[in-house]
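Novice: What follows is a structure written as structure tokens; I'll ask about it next.
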Amino acid sequence: MKFRAKIVDAACLNHFTRVSAMIAKLAKTCTLRISPQKLNFILSDKVASGGVSMWCELEQENFFREFQMEGVSAENNAIYLELMSENLSRALKTAQNARALKIKLTNKHFPCLTVSIELLSVSSSSRIVTHDIPVKVIPRKLWKDLQEPTVPVSDVSIYLPVLKTMKSIVEKMKNISNHLIIEANLSGELNLKIETELVCVTTHFKDLGNPPSASEDASRDRDPEQMAEVHIDIRKLLQFLAGQQVNPTKAVCNIVSNKIVHFDLLHEDVSLQYFIPAFS
Amino acid sequence: MLKCGMSGSQVKVFGKAIQALSRISDELWLDPSEKGLALRSVNSCRSAYGCVLFSPVFFQHYQWSTSVKVNENDSTISNLNCKLGMKSILPIFRCLNSLERNVEKCKIFTSSDLCKVVIQFFCRHGIRRTHNVCFQESQPLQVIFEKNMCSNTLIIQPRVLAEAVVLFTSSQEEVTLAVTPLSVCLKSSSDEPMGLTNSVYSEMFVGPDEFDFFQIGVDTEITFCFKELKGMLTFSEATHAPIAIHFDFPGKPMALSIDDMLLEANFILATLADEPSRASSPQSLCLSQKQKRSNLMCSTNNSSKTGKNATSKAPGCILRKAAPKRLYPNETQIDIPALENCGSPIMKRVNEDISEVPESSVSDTEAAPGSSYLRKFSCMFFGAVSSDQRQHFNHPFDSLATASDSEEDMNNGSSSTF
Numbered sequence: 008m009k010f011r012a013k014i015v016d017a018a019c020l021n022h023f024t025r026v027s028a029m030i031a032k033l034a035k036t037c038t039l040r041i042s043p044q045k046l047n048f049i050l051s052d053k054v055a056s057g058g059v060s061m062w063c064e065l066e067q068e069n070f071f072r073e074f075q076m077e078g079v080s081a082e083n084n085a086i087y088l089e090l091m092s093e094n095l096s097r098a099l100k101t102a103q104n105a106r107a108l109k110i111k112l113t114n115k116h117f118p119c120l121t122v123s124i125e126l127l128s129v130s131s132s133s134r135i136v137t138h139d140i141p142v143k144v145i146p147r148k149l150w151k152d153l154q155e156p157t158v159p160v161s162d163v164s165i166y167l168p169v170l171k172t173m174k175s176i177v178e179k180m181k182n183i184s185n186h187l188i189i190e191a192n193l194s195g196e197l198n199l200k201i202e203t204e205l206v207c208v209t210t211h212f213k214d215l216g217n218p219p220s221a222s223e224d225a226s227r228d229r230d231p232e233q234m235a236e237v238h239i240d241i242r243k244l245l246q247f248l249a250g251q252q253v254n255p256t257k258a259v260c261n262i263v264s265n266k267i268v269h270f271d272l273l274h275e276d277v278s279l280q281y282f283i284p285a286f287s
Numbered sequence: 236m237l238k239c240g241m242s243g244s245q246v247k248v249f250g251k252a253i254q255a256l257s258r259i260s261d262e263l264w265l266d267p268s269e270k271g272l273a274l275r276s277v278n279s280c281r282s283a284y285g286c287v288l289f290s291p292v293f294f295q296h297y298q299w300s301t302s303v304k305v306n307e308n309d310s311t312i313s314n315l316n317c318k319l320g321m322k323s324i325l326p327i328f329r330c331l332n333s334l335e336r337n338v339e340k341c342k343i344f345t346s347s348d349l350c351k352v353v354i355q356f357f358c359r360h361g362i363r364r365t366h367n368v369c370f371q372e373s374q375p376l377q378v379i380f381e382k383n384m385c386s387n388t389l390i391i392q393p394r395v396l397a398e399a400v401v402l403f404t405s406s407q408e409e410v411t412l413a414v415t416p417l418s419v420c421l422k423s424s425s426d427e428p429m430g431l432t433n434s435v436y437s438e439m440f441v442g443p444d445e446f447d448f449f450q451i452g453v454d455t456e457i458t459f460c461f462k463e464l465k466g467m468l469t470f471s472e473a474t475h476a477p478i479a480i481h482f483d484f485p486g487k488p489m490a491l492s493i494d495d496m497l498l499e500a501n502f503i504l505a506t507l508a509d510e511p512s513r514a515s516s517p518q519s520l521c522l523s524q525k526q527k528r529s530n531l532m533c534s535t536n537n538s539s540k541t542g543k544n545a546t547s548k549a550p551g552c553i554l555r556k557a558a559p560k561r562l563y564p565n566e567t568q569i570d571i572p573a574l575e576n577c578g579s580p581i582m583k584r585v586n587e588d589i590s591e592v593p594e595s596s597v598s599d600t601e602a603a604p605g606s607s608y609l610r611k612f613s614c615m616f617f618g619a620v621s622s623d624q625r626q627h628f629n630h631p632f633d634s635l636a637t638a639s640d641s642e643e644d645m646n647n648g649s650s651s652t653f
């Protein structure tokens, strides 16, 4: 198994750093999948994550000037590594004014992702910074749990409001109850509701717009005013929103009534999918 | 005995010094002398010592005097032996930025009769805040360390060091500084054997031209406590002065110092002693100094006149390069209030490790029988005040802490005393 890649462009480096910071906020431990064309950050829906799952995908050629990898075997040309997301994020943050950044898979007593940074400094000599991030290589038999999740057929698909606004509202609602109801319809209306014995709080977002739906029949049959709702743990939604430091290029929310809510975001050229299951 | 005053911006620097010293210990000595006001602090494991000396010109006014106690036969001249708890004094110098803005004048005065230090802030709008802090009578400890005799000296701008320090997480306990005439490397060091740790290993290479002064006499790698380095760094950012690092071989203490016209700060840190017979093993802190301390305690209780005649059994502590020994705290035969387990995680590991290293041949004769350490920090402090201070000049690498008795003692040596 081999992996080496190099970033030389400052904008690409900053973007990659932002992506890794976002992943660090979304998942403490995650899987990095390296394949010839793509890099994926994966969180699978195990009990440990509370049923939440995440799939983040980026095209390697948008970031790396050089990229070479050799997977486990020719038929299974991929590498799956488990790591603490915070470690990668912190290492990348030290590369603020780097001339070049190299990442490679190494084995120094144990498998590591080694990040080497050549920093520009005021004087003529450059500084070399190296971080060895310990990783665990995931064996092939576990790969089936880490595949791209199938996007469920949703009852309603709607564009999200400005995430920062949504986050500050959800933060305040968290103080009232952990049980949040998200509902939306095909008329561009989204509601966030908290209901307790003493008080009910609802925030209404209007005129959000709905993306063109995949299956025409389903949307024609459905009453545009009818709300599809899902009951979720508010903390999971808050964790998702906390990871979004920048407003995404595109943000869609798909609701499968009483089953799952699926967020599909695009940050420039990086796609992020986040699934929060309903309370069982 | 002490009376001084400073302006709002000087209070900020003063407060930063206290904050930096708080990283070393929970206690602070206020030690005024004709050289200025020194703030001193030693950690409980005796592996780190900090001293910030504010010269009289730092203050708006500075007055100091010794008190003379007259007994039947003689009179003893004693300094202000003032030890303050960090818990009492740190909150007073909290929010330094707002202190700098609001405080017009700050007065600090004491008198040993009352065992109280009074800190008064004269703030804007006619507000006056007075803090009375009780102190414990305790003679300050000093360290004599010949930093100019070190073979390696680096002087660096705090900004560069800050950029290096950012690489490491706050949970990082120790860092290693590795130098050759061509490069300097700061890297994380781990006390766990390789393979068991889950933490990131980081290192940064800095070229010689980033240093204001670069003199490497001997290639070396020294490991020391990260927390104390950070403490010194935050203080240096307040003074905008470059930091000098003086060091030698592993085991010998290192000094971090800042020297400008108004103040002189020195942090002397123990470094991990390298044990050639054991390539990698967990270290323990050297607490054999407990034994040594008995000498110190005796000598500090003597008055300055007899101080010089105090026991000179052990020429002090010593940079042990000998094979490690295990520490059995119960075996020390001293009945001074023994130092409690300083609570450092490093300490706890001592008792779990099995030492395969043979008995050492140590220079001092006071080792408890049958004790053995593993790799340890050598403690550079605390030994008896020898009867002839001139001895020390011949052994520049011996480090001693002497109780700062009176001006007499201080005028006698030309070795740098902090």
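Chains as they are written, first to last, in the numbering used here: chain A, 8 to 287; chain B, 236 to 653. Every residue gets a Cβ at the ideal spot worked out from N, C-alpha and C, and that includes glycine. A quick note: this is a predicted structure, and the numbers were derived from the prediction, not measured.
From the beta carbon of V419 of chain B, is the nearest beta carbon of chain A less than 8 Å away?
Specialist: Answer no: the Cβ-Cβ gap between V419 of chain B and chain A never drops below 8 Å.
Novice: How would you list, in chain order, the residues of chain B whose beta-carbon sits under 8 Å from the beta-carbon of P141 of chain A?
Specialist: T432, N433, S434, V435
Novice: Using a beta-carbon distance below 8 Å, is V136 of chain A in contact with chain B?
Specialist: Chain B contact via Cβ: present.
Novice: For T113 of chain A and chain B, any beta-carbon pair shorter than 8 Å?
Specialist: Taking Cβ atoms only, chain B never reaches closer than 8 Å to T113 of chain A, which makes this a no.
Novice: Residues of chain B with a CB under 9 Å from the CB of A98 of chain A: which are they?
Specialist: Chain-order list of chain B residues neighbouring A98 of chain A: L402, V435, S437, by C-beta distance under 9 Å.
Novice: Taking the DSSP output, what are the residues bridged to G285 of chain B?
Specialist: G285 of chain B is bridged to B:S276, B:F502.
Novice: State the Cα-Cα distance for the pair F270 of chain A and L279 of chain A, rounded to the nearest angstrom.
Specialist: 8 Å
Novice: From S161 of chain A to T121 of chain A, what distance separates their C-alpha atoms?
Specialist: 41 Å
Novice: Cβ closer than 7 Å: which chain B residues qualify as neighbours of S128 of chain A?
Specialist: E445
Novice: Using a Cβ distance threshold of 8 Å, determine whether the stretch 472-484 of chain B contacts the stretch 494-508 of chain B, with at least three qualifying pairs required.
Specialist: yes
Novice: Could you tell me the alpha carbon to alpha carbon distance between K174 of chain A and F48 of chain A, rounded to whole angstroms?
Specialist: Between K174 of chain A and F48 of chain A, the C-alpha separation is close to 23 Å.
Novice: What does F448 of chain B touch in chain A if you count any residue whose Cβ is under 7 Å from its own?
Specialist: Within 7 Å Cβ-Cβ: nothing; F448 of chain B doesn't reach chain A, min ~14 Å.
Novice: Which chain A residues are close to V414 of chain B, counting only those with a beta carbon under 8 Å from its beta carbon?
Specialist: Simply none; closest approach about 15 Å.
Novice: Do L112 of chain A and M29 of chain A have their C-beta atoms within less than 8 Å of each other?
Specialist: no
Novice: Let me check understanding here. Comparing Cα to Cα, which of A:P43, A:T24, A:E64, A:N69 lies closest to L273 of chain A?
Specialist: When A:P43, A:T24, A:E64, A:N69 are compared, the shortest CA-CA separation from L273 of chain A is found for A:E64.
Novice: In three-state DSSP terms, what is F232 of chain A?
Specialist: It is Glu, not Phe, that sits at residue 232 of chain A in the sequence shown. Coil.
Novice: Just curious, the beta strand (DSSP E) that Q154 of chain A is in, first and last residue?
Specialist: That residue, Q154 of chain A, is in no beta strand (DSSP E); it is neither H nor E in DSSP.
Novice: Measure from the C-beta of F482 of chain B to each C-beta in chain A and report whether the shortest distance is under 8 Å.
Specialist: no
Novice: Taking S27 of chain A as part of the beta strand (DSSP E), name the residues at either end of that continuous run.
Specialist: That residue, S27 of chain A, is in no beta strand (DSSP E); its alpha helix (DSSP H) goes 17-33.
Novice: Among B:E335, B:F446, B:T458, B:Y284, whose alpha-carbon lies nearest the alpha-carbon of I390 of chain B?
Specialist: B:F446
Novice: Compile a chain-ordered list of the residues in the stretch 247-281 of chain A whose CB is closer than 9 Å to at least one CB of chain B.
Specialist: Of all residues in the stretch 247-281 of chain A, none comes within less than 9 Å of chain B when Cβ atoms are compared.
Novice: Taking G243 of chain B as the query, report the chain A residues whose CB atoms sit under 7 Å from its CB, ordered along the chain.
Specialist: In chain order: nothing, as chain A lies at least about 32 Å away.
Novice: Which residue comes first and which comes last in the beta strand (DSSP E) that contains P219 of chain A?
Specialist: Note, P219 of chain A: premise wrong, no beta strand (DSSP E); not H, not E.
Novice: Identify whether V246 of chain B lies in helix, strand or coil by the three-state DSSP scheme.
Specialist: helix
Novice: For chain A, is any of its Cβ atoms less than 8 Å away from the one on F440 of chain B?
Specialist: yes
Novice: Report yes if the C-beta distance between K45 of chain A and Q67 of chain A is below 8 Å; otherwise report no.
Specialist: yes
Novice: Grab the span of the alpha helix (DSSP H) containing I324 of chain B for me, first residue to last.
Specialist: 321-324
Novice: Around the Cβ of K422 of chain B, are there at least 16 other Cβ atoms within 10 angstroms (buried) or fewer (exposed)?
Specialist: buried
Novice: Below 7 Å on C-beta distance, what does N94 of chain A contact in chain B?
Specialist: V435
Novice: Inspect the CB distances between the stretch 335-348 of chain B and the stretch 238-250 of chain B and report whether three or more fall short of 8 Å.
Specialist: Cβ pair count under 8 Å is three or more, so yes.
Novice: Run down chain B in chain order and give the residues with a C-beta less than 9 Å from the C-beta of T101 of chain A.
Specialist: E398, V401, L402, S437, M439
Novice: I need the straight-line Cα distance from L272 of chain B to L376 of chain B, nearest angstrom please.
Specialist: 14 Å
Novice: Contact check, E236 of chain A vs S264 of chain A under 8 Å by CB: the rounded distance?
Specialist: S264 of chain A and E236 of chain A do touch by the CB rule: their CB atoms are close to 6 Å apart, below 8 Å.
Novice: Can you have a look at V177 of chain A and say buried or exposed, based on whether 16 or more other CB atoms are within 10 angstroms of its CB?
Specialist: buried
Novice: So V395 of chain B is in the alpha helix (DSSP H); what residue range does that whole segment cover?
Specialist: Residues 393-400.
Novice: Using three-state DSSP, classify D509 of chain B as helix, strand or coil.
Specialist: Coil, per DSSP.
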